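J.: Starting off with a structure, shown below.
Residue numbers (this note's numbering): 926 to 1339.
What follows is the structure in structure tokens.
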């Protein structure tokens, strides 16, 4: 049995460096205009070559998302993109519009069928296989038993067929994300099927009786906001199912998110193949995953329909918060010290912090020492202070990197 590929989300350079440092095997990203995460920073046709080069030099594959509905006026743009990324040696494009699938085949670019296609059975796989697709991102609404059957039957068609599933991240209240709620409420510029969903499903709603005008406050107001998927506690079951690619959702989340989530699943997979993955270790990794953005966790559909697994609040449920502190103004390489200008809240000795930047990715550490100058050690730094922070790792941040406190909310400013 081979190890599954860990496929990490990338919305900007910070996330790219962080994902690769964390040990992913591949990344997926979008270009502005034709991808399902238009709210992400995304990349351009002008700089994607640098992304591919940087990744390939580190033995990481790159997949481009072209996974929205495509209109006639955009066909030439799709052709231009495919021609360019073919020249740049992209490893695959993620798509479901038949026009993109057809054009990708003409340009000899491998196609990974997006979860937007809602592939839920072997007959659908046969049909798309005939169109040249060799990797299939299955619908998120399948159970583990459903997936096992599909994997078994797909390999009979062609052993080179690859099956990909989501293992972590946001769930959509609609089927595989094909939702019209955002567009219906706020117009065409917020269409989910064009990557522009503003997620009205995540908000509170009241039930209104149109005749009496009376409102009903239901017990849980977030009746359309599912909890996020987290499979770490049963990751061994997914590995045993023979799935080829484990995909992490989250291209609009931060660099610390992709770093920690990728690290957790990589560690779990590595330990499984060493026969050292214990229940206690999985619980430890679960707690670590809870330290980054989440709406609470569920098993997704893998063990049946998550009927009562709704978010309990709007936005991030994690108690660990990222709070902006300031930025790096200078690096003293010989003594492993970063000079930081405090622009936000106060900073204390023993605080857990993050350095985040395009070249750095993410460096996480505890502050063991900080000072204003050689003879002036500090226990607290306040807004306006220019301080030196000792870097605990061999990897140093860069000038202009942003600095954040990253710890439980109740500890910040305590």
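We put the CB at the ideal spot given by N, CA and C, even for glycine.
The model shown is predicted, which means the values in this text are computed figures rather than measured ones.
1. What do you get for residue 1255, buried or exposed, if any count of 16 or more other CB atoms within 10 angstroms of its CB means buried?
2. Out of 1081, 1071, 1091, 1064, which has the shortest C-alpha to C-alpha gap to residue 1100?
3. Flag this pair as yes or no: are the beta carbons of residue 1267 and residue 1306 separated by less than 7 Å?
4. Ends of the beta strand (DSSP E) at residue 989?
5. Determine the contact status of residue 1020 and residue 992, defining contact as a CB-CB distance below 7 Å.
6. Considering only C-alpha positions, which residue in the set 940, 1273, 1314, 1122 is nearest to residue 968?
7. DSSP puts residue 1227 in a beta bridge; with which residues?
8. Residue 1110 to residue 1038, Cα distance in whole Å?
9. Specify the secondary structure class of residue 1103 as computed by DSSP and reduced to three states.
10. For residue 1112 and residue 1125, I'd like the C-alpha separation in whole angstroms.
11. With DSSP run on the structure shown, which of helix, strand or coil describes residue 933?
12. Just verifying my parser: in three-state terms, what is the DSSP assignment at residue 1154?
13. To the nearest angstrom, report how far apart residue 1269 and residue 1054 are at their CA atoms.
14. For residue 1329 and chain C, any beta-carbon pair shorter than 7 Å?
15. So what does DSSP say about residue 1060, is it helix, strand or coil?
16. Which of the three DSSP states, helix, strand or coil, is assigned to residue 1038?
17. Check this for me: beta carbons of residue 1157 and residue 1193, under 7 Å apart or not?
18. In the DSSP assignment, what residue or residues form a beta bridge with residue 1255?
19. Taking residue 1069 as part of the beta strand (DSSP E), name the residues at either end of that continuous run.
20. What does a CB cutoff of less than 8 Å around residue 1278 pick up in its chain, not counting 5 residues either side in sequence?
21. Along the alpha helix (DSSP H) that carries residue 1131, what are the first and last residues, could you check?
22. In this structure, how does DSSP classify residue 1136 when only helix, strand and coil are distinguished?
23. If you drop the 5 nearest sequence neighbours on each side, which residues of the same chain put their C-beta closer than 6 Å to that of residue 1276?
24. With C-beta atoms as the reference, is residue 1032 less than 7 Å away from residue 988?
25. Would you list the residues sitting across from residue 1172 in a DSSP beta bridge?
26. Suppose you measure from the CA of residue 928 to the CA of residue 1082; what does that come to, to the nearest Å?
27. Tell me which residues share the same chain as residue 1085 and place their Cβ nearer than 8 Å to its Cβ, disregarding the 5 neighbours each side in the sequence.
28. What residue from 1149, 1303, 1036 has the CA that sits closest to residue 1220's CA?
29. In angstroms with no decimal places, state the Cα-to-Cα distance between residue 1257 and residue 1321.
30. By DSSP, does residue 1322 sit in helix, in strand, or in coil?
31. Quick one: residues in its chain with C-beta nearer than 7 Å to the C-beta of residue 1319, no 5 flanking neighbours on either side, listed in chain order?
32. By how many angstroms is the C-alpha of residue 1206 removed from the C-alpha of residue 1286?
33. Pick helix, strand or coil for residue 1241, following the three-state DSSP scheme.
34. According to DSSP, which residues form a beta bridge with residue 1332?
35. How many angstroms separate the CA atom of residue 951 from the CA atom of residue 1299?
36. Kindly list the residues whose CB is nearer than 6 Å to the CB of residue 942, restricted to its own chain and excluding five residues on each side of it in sequence; keep chain order.
T.: Answer, in terms of the structure:
1. In summary, residue 1255 is exposed, with fewer than 16 beta-carbon neighbours lying within 10 Å of its beta-carbon over all protein chains present.
2. The residue with the shortest Cα to Cα distance from residue 1100 is 1064.
3. Their beta carbons are under 7 Å apart, which means residue 1267 touches residue 1306 by this criterion.
4. Residue 989 -> beta strand (DSSP E) spans 986-990.
5. Between residue 1020 and residue 992, the C-beta gap is smaller than 7 Å, which places the two residues in contact.
6. When C-alpha distances from residue 968 are compared across 940, 1273, 1314, 1122, the shortest belongs to 940.
7. Looking at the DSSP output, residue 1227 sits in a beta bridge with 1229.
8. Between the alpha carbons of residue 1110 and residue 1038 lies a gap of roughly 29 Å.
9. Reduced to three states, the DSSP call for residue 1103 is coil.
10. Cα to Cα, the separation comes out at about 12 Å.
11. Under the three-state reduction of DSSP output, residue 933 falls in the strand class.
12. Reduced to three states, the DSSP call for residue 1154 is strand.
13. Straight across, the Cα-Cα distance linking residue 1269 with residue 1054 is about 54 Å.
14. The question asks about chain C, but that chain is absent: this structure has only one protein chain.
15. Reduced to three states, the DSSP call for residue 1060 is strand.
16. DSSP places residue 1038 within a strand segment (E or B) once states are collapsed to three.
17. Pairing residue 1157 with residue 1193 gives a Cβ-Cβ distance under 7 Å.
18. Residue 1255 is bridged by DSSP to 1264.
19. Careful: residue 1069 lies outside any beta strand (DSSP E), inside the alpha helix (DSSP H) at 1069-1082.
20. Taking residue 1278 as the centre and dropping the five residues before and after it, the same chain places the C-beta of 1250, 1272, 1289, 1290, 1291, 1292, 1314, 1328, 1329, 1330, 1331 closer than 8 Å to its C-beta, in chain order.
21. Careful: residue 1131 lies outside any alpha helix (DSSP H) and carries neither H nor E.
22. If DSSP states are grouped into helix, strand and coil, residue 1136 belongs with coil.
23. Cβ neighbours of residue 1276 beyond the five flanking positions: 1292, 1330.
24. Taking 7 Å as the cut-off, the Cβ atoms of residue 1032 and residue 988 do not count as close.
25. Answer is 932, 1091, bridged to residue 1172.
26. If I take the Cα positions, the gap works out to 21 Å.
27. 1059.
28. Out of 1149, 1303, 1036, 1149 has the C-alpha closest to the C-alpha of residue 1220.
29. Taking the straight line joining both Cα atoms gives about 9 Å.
30. Residue 1322 falls in the coil class under three-state DSSP.
31. No residues qualify anywhere along the chain.
32. In this structure, the CA atom of residue 1286 is about 26 Å from the CA atom of residue 1206.
33. In this structure, residue 1241 counts as coil in the three-state DSSP scheme.
34. Under DSSP, the beta-bridge partners assigned to residue 1332 are 1246.
35. If you draw a straight line from the Cα of residue 951 to the Cα of residue 1299, it is about 44 Å long.
36. Sequence-distant partners of residue 942 (beyond 5 residues in either direction) whose C-beta falls short of 6 Å from its own C-beta, in its chain, are 1286.
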